[in-house]
Structures are given as C-alpha cells and as structure tokens.
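The sequence shown: position 188 = 188 (UniProt numbering), numbered continuously.
For every residue, glycine included, the Cβ atom is placed at its ideal position computed from N, Cα and C.
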Amino acid sequence: MKTNLVKGSPTFNEIDSTPIENSSEYKLKLCFCPLCSTGITALGNSDGRGIISWQHICRVILFSLTVKENPKKFFSLKGDMLWFVVDHWFLFGKLHQFRTNPNKWKKAFLDALSHSTYFESGTGFLKKPGYWKLTNTAVPWDEKIDYFSESTKTKLQLPIILDHSLTHSTLSSSSKSKIEKYCIDACQSFNNALSSLQNQMKFSNSTENFALMHQLKEVQSIMLKTEHIISSIKQLNVTSQIISSSSSKDASSNSFFTSSDQEEEVNPFDSFNPQWC
1 MKTNLVKGSP
11 TFNEIDSTPI
21 ENSSEYKLKL
31 CFCPLCSTGI
41 TALGNSDGRG
51 IISWQHICRV
61 ILFSLTVKEN
71 PKKFFSLKGD
81 MLWFVVDHWF
91 LFGKLHQFRT
101 NPNKWKKAFL
111 DALSHSTYFE
121 SGTGFLKKPG
131 YWKLTNTAVP
141 WDEKIDYFSE
151 STKTKLQLPI
161 ILDHSLTHST
171 LSSSSKSKIE
181 KYCIDACQSF
191 NNALSSLQNQ
201 MKFSNSTENF
211 ALMHQLKEVQ
221 SIMLKTEHII
231 SSIKQLNVTS
241 QIISSSSSKD
251 ASSNSFFTSS
261 DQEEEVNPFD
271 SFNPQWC
C-alpha cells in the first residue's frame with residue numbers, strides 16, 4: 001500500500017537497534033517489494049570484516065521503495081527509509097553492523113547518501129533537506145528482472161478479495177481469465193514467501209520466530225482467500241456457459257439497443273483492495 005504522508009522517525013533500542021513499538025504505526029509487515037521477493041541475498045556479500053557496504057544497503061532500500069511506490073521518486077530518510085528498516089527488521093536485524101547504537105548506522109546512511117553519485121538530494125528539486133532519490137534505477141543486485149514492467153508490478157501487488165457484486169452478468173470471459181491468471185501468479189508469490197519465511201525461522205531466535213509466525217499466518221490466510229477467488233471464477237465459468245446458451249436465443253430481440261444504452265463493463269481490478277505494504 002502506498003504511503004501518502006511521511007511518518008515520524010521510528011524509535012530503536014539504544015544498544016542493539018531493535019525497533020521499539022511506541023505507536024500504532026509500528027507493525028511488522030510482509031510485502032512483495034524487491035527485497036522481500038529476493039531475500040537477504042539482495043544485500044550482497046560482506047567484506048573481510050563481515051560488513052556490507054552502506055552505499056549498497058541504501059541503494060537496495062531506495063530501489064525497493066521506488067518500485068513499491070512508483071511513480072514516487074524522492075523518499076525521506078527519517079520517514080521512509082528508517083521505517084523500511086523497521087518493516088524489514090527480520091532481514092536487517094541479521095546483519096551485525098545494525099546490532100549497535102542506532103545513531104552509528106543512521107550516520108552511516110547519511111554519509112553514504114551524501115557522498116555517492118548513486119543518490120540525489122531533494123534539497124534542489126524539492127527544496128527540502130532529508131529527501132533522497134536514486135540517480136539510476138537499475139537493480140542493485142545481480143538480477144535481470146524489470147521491476148518497472150506492468151507484469152512485474154502486477155505480481156508485486158496483492159489482491160485481498162473479489163467484490164461479491166461482480167457476478168457472471170458483469171464479468172466478461174476475458175476479464176475472468178485475467179483475474180484467474182492474476183490470482184495464480186499471486187499464489188506462486190505467496191508460496192515463495194512462505195518458503196523464504198520458513199527458511200528464516202531455522203536460523204532465527206525465539207523473538208524473531210514469534211514475529212515470523214505471525215507473518216506465516218497472514219500469508220496462509222491470504223492464500224486461502226486467493227484460492228477461493230480462483231474456485232469461484234471456475235464456478236462462474238461453468239454457470240456462464242449455461243446462461244450464454246439460453247440468452248443467445250433472445251439476443252436478436254434486443255438488437256435495437258444502442259451502445260449508449262448498454263452498461264459499461266466493470267473493470268474487475270477496480271474491486272481489489274490491497275492492504276499490504
């Protein structure tokens with residue numbers, strides 16, 4: 001879900017940077033941004049000290065935000081990037097360089113953003129300090145997916161449930177086929193997310209496992225709803241075949257209606273209501 005308002009800066013533990021739940025805004029979320037879809041491998045390899053480049057981490061964060069909130073380009077360090085770290089703490093929390101006083105890595109973020117040609121400050125364009133954008137939207141890791149293509153953006157969005165008012169009378173065969181394919185692709189993404197979460201649980205402590213269990217339950221719940229949509233569409237296809245055979249007999253008697261008298265076909269995708277980040 002796209003954010004229209006910039007949130008205040010999140011709070012972190014002063015010793016190990018664990019996010020502190022101090023407002024209703026804080027909530028561990030599961031999304032299908034490029035980082036979630038790729039997993040921790042997107043953060044790349046560490047150096048001899050076990051440190052991943054802060055420049056690369058900032059690129060990954062801004063790239064994921066740019067894809068998720070396209071066409072938005074500029075993002076606030078405090079209101080967007082730090083909250084992205086909170087929402088993806090199950091990944092960032094595994095990096096030793098984050099397990100310290102948060103002021104240290106926050107300063108590292110600012111230094112990386114300020115001294116690299118990969119990033120552009122919003123001071124000139126937006127007339128606001130503290131906002132940043134990528135100067136190059138190429139994928140920061142070794143992957144050949146075009147995250148800005150329509151097909152990929154569709155897979156990164158999660159349908160919740162199909163409006164019950166959309167019956168066989170308002171959905172064309174083509175529309176139902178599109179929805180069915182959309183849901184099948186989403187189910188595949190859900191399965192990938194489940195596998196990723198299950199693998200993460202093997203190497204997580206009890207506190208992290210508790211959060212991951214909640215995410216697993218949420219994914220399983222949405223998978224059931226998606227599978228229900230697919231099942232309902234298949235039933236509608238059978239019903240439509242029966243109805244179309246009987247309604248075709250009366251089609252000639254209705255030929256005097258002009259195109260302006262006929263109802264415009266409902267766009268089935270307007271009824272989807274994504275509730276995820």
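Among the options, the one whose alpha carbon lies nearest that of residue i
i, options, result
"Asn13", "Asp111, Ile184 and Asn103", "Asn103"
"Lys106", "Leu77, Ser177, Met223 and Trp141", "Leu77"
"Gly122", "His115, Gly130 and Ser116", "Gly130"
"Trp89", "His228, Gln215, Ser231 and Thr226", "Gln215"
"Ile40", "Lys234, Ala193, Ser231 and Glu180", "Ala193"
"Phe32", "Cys58, Leu65 and Thr135", "Leu65"
"Glu120", "Lys133, Ala108, Leu197 and Ser9", "Lys133"
"Glu180", "Ser232, Asn136, Asn45 and Pro140", "Ser232"
"residue 279", "Ser53, Lys217, Ser195 and Cys187", "Absent from the model: residue 279. The displayed extent of the chain is 1 to 277, so no value can be given."
"Lys73", "Asn136, Thr38, Asp87 and Ala112", "Asn136"
"Thr117", "Leu236, His56, Thr38 and Gln198", "His56"
"Gln198", "Ala138, Lys217, Ser177 and Gly79", "Lys217"
"Leu113", "Ala138, Asp87, Phe75 and Val139", "Phe75"
"Asp87", "Ala108, Cys36 and Ile230", "Cys36"
Contacts around residue i, its chain only, beta-carbon distance under 6 Å, and the 5 residues preceding and following it disregarded
i, result
"Ile61", "Met81 and Phe84"
"Lys128", "Gly122"
"Phe190", "Val219 and Met223"
"Arg59", "Tyr118 and Pro140"
Beta-carbon contacts of residue i that lie in its chain and below 8 Å, excluding the five residues immediately before and after
i, result
"Asn101", "Glu14, Ile15 and Ser17"
"Ile52", "Leu43, Gly44, Asn45, Ser46, Leu95 and Gln97"
"Lys234", "Glu180"
"Asp111", "Trp54"
Residue(s) in a DSSP beta bridge with residue i
i, result
"Thr11", "Ile20"
"Lys133", "Glu120"
Cut-off 7 Å between Cβ atoms - residues of its own chain near residue i, not counting five sequence neighbours on either side
i, result
"Phe92", "Val85 and Phe98"
"His115", "none"
Cβ-based burial, residue i [other Cβ within 10 Å; buried from 16]
i, result
"Arg49", "exposed"
"Leu126", "exposed"
"Ser9", "exposed"
"Asp142", "exposed"
"Pro140", "buried"
"Ser195", "exposed"
"Phe203", "exposed"
Problem set entry | Unbroken stretches of the alpha helix (DSSP H), 4 residues or longer, contained in the stretch 35-117 | 54-68, 82-87, 89-92 and 102-114
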